[in-house]
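Residue numbers (the numbering used here): 100 to 214. What follows is a single structure, written as structure tokens, with notes after it.
Set out below in structure tokens:
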């Protein structure tokens, strides 16, 4: 068995996987619109700020929480960004599962799960 043949089989399967296709299409749709790209970038900045606050202070400030809620309300009214975020979650789950399988096969914690 050639491991690279298996990698190529995986790549071919990923190209046609419905979650990957949906993520790719949603991503291209966002990338083709500067306003939507900027909105998503701004949302990511708020998400990162919330994460940093959570790690550093143990909680997210009321101000950041309010910003997140306001942005979430705006995003819900934008079907393309909403579709992108949903597709991203599904793809992330698929990718994480794939990495766990590889991690288990290698027998060394290569992805930082601590297992």
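Glycine included, C-beta positions come from ideal geometry on N, C-alpha and C.
To the nearest angstrom, how far is the alpha carbon of residue i from that of residue j?
i	j	result
residue 104	residue 110	10 Å
residue 145	residue 100	47 Å
residue 172	residue 116	30 Å
residue 107	residue 194	16 Å
residue 204	residue 196	12 Å
residue 198	residue 210	7 Å
Of the residues the options, which one's Cα is nearest the Cα of residue i?
i	options	result
residue 189	166, 121, 158	121
residue 90	184, 156, 200	In the structure as shown, the chain starts at 100 and stops at 214, and residue 90 therefore has no counterpart that could be examined.
residue 127	182, 192, 210	182
residue 165	142, 200, 123	142
For residue i, which residues in the same chain have their Cβ closer than 8 Å to its Cβ, ignoring the five residues on either side in sequence?
i	result
residue 152	158, 159, 160, 163
residue 119	113, 190, 193
*What are the uninterrupted segments assigned as alpha helix (DSSP H) that are 4 or more residues long and contained completely in the stretch 106-164, given in chain order?*
The qualifying runs are 117-130, 133-156.
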